[in-house]
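Student: Take a look at this one; I'll ask things after.
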Amino acid sequence: MNIATPPAQARPAAKAERPTRQQAEEAVRTLLRWACDDPTREGLRDTPKRVVKSYEEFFAGYQVDPFALLERTFEETDGYDEMVLLRDIRVESYCEHHMVPIVGRAHIAYLPDRRVVGISKLARVVDAYSKRLQIQEKLTAQIANTLNEVLQPRGVAVVIEAGHQCMSTRGVHKPGVSMVTSRMLGAFRTDPTTRREFLSMIRGPAAGGLD
Ligand SMILES: [Zn+2]
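So for the sequence shown, this note's numbering puts the first residue at 8; every next one is plus one.
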């Protein structure tokens, strides 16, 4: 099976450009001082270490190649060619303008053409792109484009609904607002019936999970 070379933005940043852990911790100390607190007081003494550790988790996506996640596909599907939909996938991302959380959910569908992929892999692709500094529009497009390139299905649809902390806890201070973005490719873009079916399935009952 041939897998396209991932685009530059999908590849992890070069290790050489990375500062040391100590430098990263020092940068947190600087920000603590900028907030007008004292990084040497007891409560803050270990904070730089914890923040840097948290960053490893928040931005783990840079270490993951989303294309490699989808390497293993299955062709024994007994001709299954209907929509495969994964909905309400938790999204935890970080706004690239303010470095604060974007939290929401993604719904992903595709129309297989012979090839299917393990469903947990779809959720991992969401993580690989969301655990980075992002804007929701780009996140949505990256997920859809990756699935489209690797699976070469008859169509891909990705919808993300998310709240942006840079809008709720700063700036305009408007909590409870969700931003909805979508990217439709193939049949989801060209066939209104397919698109309608997808949109009604993501809004159907049992949202929030069955387990
Ligand atoms: Zn922002």
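Using N, Cα and C, we set each Cβ at its ideal position, and we do this for glycine too.
According to the Cβ coordinates, are Leu132 and Leu76 closer than 7 Å?
Tutor: Here the question's residue 132 lines up with position 125 in the sequence shown. Here the question's residue 76 lines up with position 69 in the sequence shown. The sequence shown places Val at residue 132, not Leu. Yes; because the gap between Cβ atoms is below 7 Å, this pair is in contact.
Student: With a CB to CB cut of under 8 Å and the five nearest residues on each side skipped, what residues in its chain are close to Tyr62?
Tutor: For the purposes of this step, residue 62 is taken as residue 55 along the sequence shown, with counting starting at 1. So the qualifying residues of the chain are Ala31.
Student: Name the DSSP bridge partner or partners of Val59?
Tutor: Start at 1 with the first residue of the sequence shown, and residue 59 comes out as number 52. Bridge partners of Val59: none, in fact.
Student: For ligand 1, any of its heavy atoms closer than 6 Å to the Cβ of His104?
Tutor: Translated into positions along the sequence shown, residue 104 becomes position 97. Checking the Cβ of His104 against ligand 1 gives yes.
Student: In the DSSP assignment, find the alpha helix (DSSP H) that holds Ala185 and state where it starts and stops.
Tutor: As a position in the sequence shown, residue 185 is number 178, starting the count at 1. In the sequence on display, residue 185 carries Ser and not Ala. Ser185 -> no alpha helix (DSSP H), and no H or E assigned at all.
Student: So, at 6 Å on beta carbons, what are the nonlocal neighbours of Ala116 in its own chain, with the 5 sequence-adjacent residues on each side left out?
Tutor: Taking the sequence shown and counting its residues from 1, the one referred to as residue 116 is at position 109. The answer, listed in chain order, is Met90, Leu92, Ala164 and Phe205.
Student: Where Ser189 and Phe195 are concerned, what is the direct C-alpha to C-alpha distance, given to the nearest angstrom?
Tutor: Counted from its first residue, the sequence shown places residue 189 at position 182. Counted from its first residue, the sequence shown places residue 195 at position 188. About 11 Å.
Student: With respect to 6 Å, is the separation between the Cβ of Cys173 and the closest non-hydrogen atom of ligand 2 below this value?
Tutor: Absent from the structure shown: ligand 2. Ligands present: ligand 1.
Student: Use the C-beta contact count for Gln29: other C-beta atoms within 10 angstroms, 16 or more gives buried, fewer gives exposed.
Tutor: Stepping through the sequence shown from its first residue, residue 29 is reached at position 22. The residue in question, Gln29, is exposed, as its Cβ has fewer than 16 Cβ neighbours within 10 Å.
Student: Any idea which residues DSSP pairs Ala116 with across the strands?
Tutor: For the purposes of this step, residue 116 is taken as the residue at position 109 of the sequence shown. Looking at the DSSP assignment, Ala116 forms a beta bridge with Leu92 and Ala164.
Student: Leaving out five residues before and five after Leu192 in sequence, what residues of the same chain have Cβ atoms less than 7 Å from its Cβ?
Tutor: In the sequence shown, the residue the question calls residue 192 occupies position 185. So the list reads Ala151, Asn155, Gly162 and Val163, once near-sequence residues are dropped.
Student: In the DSSP assignment, what residue or residues form a beta bridge with Gly109?
Tutor: Taking the sequence shown and counting its residues from 1, the one referred to as residue 109 is at position 102. Here the sequence assigns Ile to residue 109, which means Gly is not the residue at that position. Its beta-bridge partners are Ser100 and His171.
Student: Quick one: Cα of Trp41 to Cα of Arg48, how far?
Tutor: One-based indexing of the sequence shown puts residue 41 at position 34. One-based indexing of the sequence shown puts residue 48 at position 41. Approximately 15 Å between the Cα atoms of the pair.
Student: Taking the beta carbon of Thr200 as the centre, do at least 16 other beta carbons fall within 10 Å, making it buried, or is it exposed?
Tutor: For this step, residue 200 is matched to residue 193 along the sequence shown. Thr200 comes out exposed.
Student: So is Gly50 buried or exposed if we call it buried at 16+ other beta carbons inside 10 Å?
Tutor: For the purposes of this step, residue 50 is taken as the residue at position 43 of the sequence shown. Result: exposed.
Student: Would you mind working out which of Leu39, Ser137, Asp88 and Val59 sits nearest Tyr69, comparing C-alpha positions?
Tutor: The residue you call residue 69 lines up with position 62 of the sequence shown. That would be Ser137, whose Cα lies nearest to the Cα of Tyr69.
Student: Do you know whose CA, among Met208, Val179, Glu83 and Thr27, lies nearest Gly125's CA?
Tutor: The sequence position of residue 125 within the sequence shown is 118, counting from 1. The shortest Cα separation from Gly125 among Met208, Val179, Glu83 and Thr27 belongs to Glu83.
Student: In three-state terms, what does DSSP make of Gln159?
Tutor: Here residue 159 corresponds to residue number 152 of the sequence shown, with the count starting at 1. Three-state result, Gln159: coil.
Student: Kindly give me the distance between the Cβ atoms of Tyr87 and Phe65, rounded to whole angstroms, as I take these residues to be in contact under 8 Å.
Tutor: Mapped onto the sequence shown, residue 87 falls at position 80. Mapped onto the sequence shown, residue 65 falls at position 58. The pair is not a contact, with the Cβ atoms about 37 Å apart (cut-off 8 Å).
Student: Assign Val71 to one of three DSSP states: helix, strand, or coil.
Tutor: Your numbering for residue 71 matches position 64 in the sequence shown. Residue state, collapsed to three classes: coil.
Student: Alpha helix (DSSP H) containing Asp134: first to last residue?
Tutor: The residue given as residue 134 occupies position 127 in the sequence shown. Segment Ile126 to Ser137, the alpha helix (DSSP H) holding Asp134.
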